[in-house]
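With the first letter of the sequence shown counted as 1, position 121 gets the number 1288 in the numbering used here; the numbers rise by one all the way through. A virtual CB, placed ideally from N, CA and C, is assigned to each residue, including glycine. Since the structure is predicted, the reported quantities are computational estimates derived from the model, not experimental observations. Please read the structure below before turning to the comments.
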Amino acid sequence: MDYNLHRRRAGLTIGLVLGFGYSLTANLINRLALPDIPLYTPPPGVTGLILITGLMFGLLGLIAAWPDESLPGVLLSGLIGSIISSIWILLNESNKFAAMTLLVVIFMPRMFFYMPFGGLVRWLIYKIDQPT
1168 MDYNLHRRRA
1178 GLTIGLVLGF
1188 GYSLTANLIN
1198 RLALPDIPLY
1208 TPPPGVTGLI
1218 LITGLMFGLL
1228 GLIAAWPDES
1238 LPGVLLSGLI
1248 GSIISSIWIL
1258 LNESNKFAAM
1268 TLLVVIFMPR
1278 MFFYMPFGGL
1288 VRWLIYKIDQ
1298 PT
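Here is the structure:
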């Protein structure tokens, strides 16, 4: 099997596993910890948010694993993650001017939020490929 294909499949799989794990925890913890309190859930609902978030992190894992070198993949996954989350915020926010202003100010910090995920994916792929 081609190593590029192996690396990309591993990146997608790791991204999906980590993404769905994070998404399940983030979206279900309030229902488990505070079952009697009706908390607000954004428009797609809990199931939709779990699915969208898990798939987004799967895509970011694939993007991180796509290039041969680690650094471009990590940077690209941070950039794409920030762009996708910016689009999501713009689609769901009613005050477009305030959302756009805020997104311009926090675009780069959010990019650095997604970069460690890309770095973790690349590191895990490296550890998987090491002979034991």
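Which residue spans inside the region 1211-1292 form an unbroken alpha helix (DSSP H) run of at least 4?
1212-1232, 1237-1259
Is the CB-CB distance between F1264 and G1182 below 9 Å?
Locating residue 1264 in the sequence shown gives position 97, where the first residue counts as 1. Locating residue 1182 in the sequence shown gives position 15, where the first residue counts as 1. No, these two residues do not count as a Cβ contact at 9 Å.
Pair every Cβ in the region 1252-1259 with every Cβ in the region 1236-1243, then say whether three or more of these pairs are closer than 8 Å.
no
Can you find a CB in chain B that lies within less than 9 Å of the CB of G1215?
As a matter of chain content, chain B is missing from the structure shown, which is built from one protein chain.
Does DSSP put T1180 in a helix, in a strand, or in coil?
The count along the sequence shown starts at 1 and reaches residue 1180 at position 13. Of the three classes helix, strand and coil, the one that applies to T1180 here is helix, per DSSP.
Touch test, the region 1265-1275 against the region 1215-1229, Cβ-Cβ under 8 Å, three pairs minimum:
no
Secondary structure at L1172, three-state DSSP: helix, strand or coil?
The sequence position of residue 1172 within the sequence shown is 5, counting from 1. Looking at L1172 - three-state DSSP - the assignment turns out to be helix.
Assuming A1177 contacts A1232 (C-beta within less than 8 Å), just tell me the rounded distance between them.
Locating residue 1177 in the sequence shown gives position 10, counting from the first residue. Locating residue 1232 in the sequence shown gives position 65, counting from the first residue. Contact flag correct, Cβ pair sits at about 6 Å.
Does the beta-carbon distance from S1244 to I1230 come in below 9 Å?
In the sequence shown, residue 1244 corresponds to position 77, counting from 1. In the sequence shown, residue 1230 corresponds to position 63, counting from 1. Contact: yes.
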